[in-house]
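Have a look at the structure below before the remarks.
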Amino acid sequence: MNNRENIRVLIVEDDYLVGEMVRGLLEEAGYTIVGEAGNGLEAVEMTQSLQPDVVLMDIAIPDMDGIEATRLIYEHCPTPVVALTAHETSEFVVGASEAGVGAYLIKPPNLREMERAIIVARARFNDMIELRRLNTKLQAHNVELDAFAHTVAHDLKSPLTLIVGFAEILKEEYATLAGEALHSHLQKIVFNGRKMSNIIDELLVLAGVRQMEAETSPLDMGSIVAEAQERLSVMVNKHQAEIVSPDTWPVALGYGPWIEEVWVNYISNGIKYGGRPKDGIPPRLELGADPKGFENPSGLTMVRFWVRDNGLGIPPKDQERLFTPFVQLDQVRTRGYGLGLSIVRRIVEKLGGQVGVESEVGQGSVFTFTLPSLRVAKQPLPSLRVAKQPLPSLRVAKRPLPSLKVAKRPLPSLRVAKRPLPAAHEENDE
8 MNNRENIRVL IVEDDYLVGE MVRGLLEEAG YTIVGEAGNG LEAVEMTQSL QPDVVLMDIA
68 IPDMDGIEAT RLIYEHCPTP VVALTAHETS EFVVGASEAG VGAYLIKPPN LREMERAIIV
128 ARARFNDMIE LRRLNTKLQA HNVELDAFAH TVAHDLKSPL TLIVGFAEIL KEEYATLAGE
188 ALHSHLQKIV FNGRKMSNII DELLVLAGVR QMEAETSPLD MGSIVAEAQE RLSVMVNKHQ
248 AEIVSPDTWP VALGYGPWIE EVWVNYISNG IKYGGRPKDG IPPRLELGAD PKGFENPSGL
308 TMVRFWVRDN GLGIPPKDQE RLFTPFVQLD QVRTRGYGLG LSIVRRIVEK LGGQVGVESE
368 VGQGSVFTFT LPSLRVAKQP LPSLRVAKQP LPSLRVAKRP LPSLKVAKRP LPSLRVAKRP
428 LPAAHEENDE
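Here the sequence shown stands for residues 8 to 437, where the numbers follow this note's numbering.
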């Protein structure tokens, strides 16, 4: 091994002579011994505090055996583990595998065996972490797919039922319908057809953002906001809405067409649900940004943009899930949120920012999104390009890489569950 000196080892052994023998062999070979534990509890605590690259774990140790200690290590501070045992039994092999042991050695081990075991344990650990990541990603995608199907069926069923119903009325009563009634039925068919078309368009945009790769550049936010307002001019006039925006905007990095969609969604929601029409109060929206920016947990300076409305506000329980794709909430559905805000979230997060909402019932709402600031960008973000073809999905190799074998019987390999647990869904009435 060329990088032995970079591998930090924790030795867990209650037999002093065996522990010193293992330490001597590894140190002579160039490994760094970060500590020695004499029982299972110490093993878990020292793994958490010292964060070694690998743990050499004796199975027969006080307090708790090495199998249980390994299980706790994987639960609290996942680390590759090589087990040391005086007796190789089928019960030990199964228990060690289930606990997360990556390789095991029969005592007393020699240096060559320990080096091979360390290689195997670390390789299997990395494979396990990658499989867990892929499995988590697969479960998340399947949950979203189930919710997607539920949303499509639920949201398209209502307008489709109305279209079919009015079409049947026209078919049966066309000859007897007066002009006004005929016109009303046709209007309802057209309206619900457009509603279905809008839902499908939103679903396509939501799916498309996942597949597209974009090249970011400095944004002329004033022009983008003006374009978004122009697209909504009919709605603005219909609702007699007032929109107030600043003369100058801080410069952030992003992709103009996507950010325009963000503003269109935020502004249209503010217009539709701002004001108090029953009291004769029209919607009033304030658009703005915090020019100084703030530092996010990654140390990158971000710019916060916002839309403040004078609507009725949103209850806290609905705010928590407002941007979640395909989640159907009574308040969210009534107000028309859901897909539009899911699109906003996916766009902003893909550009390195975050979305949020601040609201109190009766006090209106402030919808926000953040983008990286141009002023502090140490290097340009990757350029934004729309892929002509969807990016290839990650796949787990059908044939696993060959692993070095130390024990006579290899430990069973970890497998990704074929079917994740079903997601819980909320059923809501229209």
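Heads up, the beta-carbon is just placed ideally off N, CA and C, and yes, glycines get one too.
7 Å CB neighbourhood of residue i in its chain, flanking five on each side removed
{"i": "Ala169", "result": "The residue asked about is misnamed: residue 169 is Leu in this sequence, not Ala. The answer, listed in chain order, is Lys195 and Asn199."}
{"i": "Arg15", "result": "Thr39, Val41, Pro59 and Asp60"}
{"i": "Pro399", "result": "At Pro399 the pLDDT is 35, less than 50, meaning the model places this residue with poor confidence and gives no usable figure here."}
{"i": "Ile18", "result": "Gly26, Val29, Arg30, Ile40, Glu43 and Leu63"}
{"i": "Gln326", "result": "Val364 and Ser366"}
{"i": "Asp70", "result": "Asn46, Gly47 and Leu48"}
{"i": "Pro225", "result": "Val258, Leu260 and Leu381"}
{"i": "Asp72", "result": "Gly47 and Ile66"}
{"i": "Leu2", "result": "Beyond the ends of the chain as shown, which are 8 and 437, falls residue 2; an answer cannot be given."}
{"i": "Asn303", "result": "Met309"}
Contacting residues, own chain, Cβ-Cβ under 6 Å from residue i (five flanking each side not counted)
{"i": "Met242", "result": "Ile278"}
{"i": "Trp270", "result": "Val232 and Ala235"}
{"i": "Pro323", "result": "none"}
{"i": "Thr312", "result": "Looking at the sequence shown, residue 312 is not Thr but Phe. Excluding residues within five positions, the ones whose Cβ falls inside 6 Å are Ala296 and Phe376."}
{"i": "Met203", "result": "Leu163 and Pro166"}
{"i": "Ile68", "result": "Asp21, Asn46 and Gly47"}
{"i": "Ser390", "result": "A caution first: Ser390 carries a pLDDT of 40, below 50, which makes its placement in the model unreliable, though a value can still be read off. The residues are Glu222."}
Residue i beta carbon near the ligand COA (any heavy atom closer than 8 Å)
{"i": "Glu365", "result": "Absent from the structure shown: the ligand COA. Ligands present: none."}
Helix, strand or coil at residue i [DSSP, three-state]
{"i": "Glu367", "result": "coil"}
{"i": "Val89", "result": "strand"}
{"i": "Arg111", "result": "It is worth fixing the name first, because residue 111 is Tyr in this sequence and not Arg. Residue state, collapsed to three classes: strand."}
{"i": "Phe376", "result": "strand"}
{"i": "Pro2", "result": "Because residue 2 is not part of the residues shown, which for the chain are 8 to 437, the question remains open."}
{"i": "Met71", "result": "coil"}
{"i": "Thr96", "result": "coil"}
{"i": "Met53", "result": "helix"}
{"i": "Trp270", "result": "helix"}
{"i": "Gly42", "result": "strand"}
{"i": "Val258", "result": "coil"}
{"i": "Ala404", "result": "Confidence at Ala404 is low in this model, with a pLDDT of 34, below 50, so its placement is unreliable and the value that follows should be read with caution. Three-state DSSP puts Ala404 in coil, outside helix and strand."}
{"i": "Pro284", "result": "helix"}
{"i": "Glu105", "result": "helix"}
{"i": "Phe132", "result": "helix"}
{"i": "Asp1", "result": "Missing from the structure shown is residue 1; the chain here goes from 8 to 437 and no further."}
{"i": "Thr77", "result": "helix"}
{"i": "Thr449", "result": "Lying outside 8 to 437, the shown extent of the chain, residue 449 is not represented and no answer is given."}
{"i": "Leu358", "result": "coil"}
{"i": "Ile66", "result": "coil"}
{"i": "Arg15", "result": "strand"}
{"i": "Leu292", "result": "strand"}
{"i": "Glu179", "result": "helix"}
{"i": "Glu20", "result": "coil"}
Nearest candidate by alpha-carbon position, reference residue i, set the options
{"i": "Leu307", "options": "Val368, Asn142, Pro379 and Glu20", "result": "Pro379"}
{"i": "Arg238", "options": "Asn272, Glu52 and Leu91", "result": "Asn272"}
{"i": "Gly359", "options": "Glu367, Ser366 and Val310", "result": "Val310"}
{"i": "Leu177", "options": "Leu211, His192 and Gly73", "result": "His192"}
{"i": "Glu220", "options": "Gly47, Arg283, Tyr262 and Leu24", "result": "Tyr262"}
{"i": "Ile354", "options": "Gln370, Gly371, Val368 and Phe376", "result": "Phe376"}
{"i": "Glu268", "options": "Gly107, Asp162, Asp208 and Asp21", "result": "Asp208"}
{"i": "Met135", "options": "Glu122, Glu105, Val100 and Ile113", "result": "Glu105"}
{"i": "Gly229", "options": "Ala185, Val258 and Arg123", "result": "Val258"}
{"i": "Leu32", "options": "Asp162, Ser204, Pro116 and Pro264", "result": "Pro116"}
{"i": "Ala76", "options": "Val351, Gly102, Glu356 and Ser204", "result": "Gly102"}
{"i": "Val83", "options": "Gly172, Ala50 and Gly37", "result": "Reading off the sequence, residue 83 comes out as His, not Val. Out of Gly172, Ala50 and Gly37, Ala50 has the C-alpha closest to the C-alpha of His83."}
{"i": "Pro85", "options": "Val351, Ala93 and Glu137", "result": "Glu137"}
{"i": "Lys299", "options": "Ala174, Trp256 and His148", "result": "Trp256"}
{"i": "Arg11", "options": "Leu57, Asp21 and Met121", "result": "Met121"}
{"i": "Lys285", "options": "Ile274, Pro264 and Gly318", "result": "Gly318"}
{"i": "Ala36", "options": "His148, Arg123 and Gly186", "result": "Arg123"}
{"i": "Ala223", "options": "Arg328, Gln55 and Trp265", "result": "Note that residue 223 is Thr in the sequence shown here, rather than Ala. For Thr223, the nearest C-alpha among the options comes from Trp265."}
{"i": "Leu329", "options": "Ser305, Ser372 and Ser97", "result": "Ser372"}
{"i": "Arg352", "options": "Val216, Phe173 and Tyr81", "result": "Val216"}
{"i": "Gln55", "options": "Ile74, Ile80 and Glu34", "result": "Ile80"}
{"i": "Ile74", "options": "Glu175, Glu98, Glu52 and Thr183", "result": "Glu98"}
Residue i classed as buried or exposed, judged by whether at least 16 other C-beta atoms fall within 10 angstroms
{"i": "Met95", "result": "The sequence given here has Glu at residue 95, not Met. Result: exposed."}
{"i": "Arg78", "result": "buried"}
{"i": "Tyr23", "result": "exposed"}
{"i": "Asn276", "result": "buried"}
{"i": "Tyr280", "result": "buried"}
{"i": "Gly107", "result": "buried"}
{"i": "Ala93", "result": "exposed"}
{"i": "Val171", "result": "exposed"}
{"i": "Tyr111", "result": "buried"}
{"i": "Ser316", "result": "Correcting the residue type first, residue 316 is Asp in the shown sequence and not Ser. Buried, by the Cβ-count rule."}
{"i": "Leu152", "result": "exposed"}
Own chain partners of residue i with C-beta closer than 8 Å, once the 5 adjacent residues on each side are dropped
{"i": "Gln370", "result": "Gly320"}
{"i": "Pro253", "result": "Leu294, Gly295 and Ala296"}
- So does the region 87-104 actually touch the region 115-131, counting three or more Cβ pairs closer than 8 Å? The answer is yes - the region 115-131 touches the region 87-104, with three or more Cβ pairs under 8 Å.
- Between the region 246-253 and the region 283-292, do three or more beta carbon pairs fall short of 8 Å? Contact between the region 246-253 and the region 283-292 is established, with three or more Cβ pairs separated by less than 8 Å.
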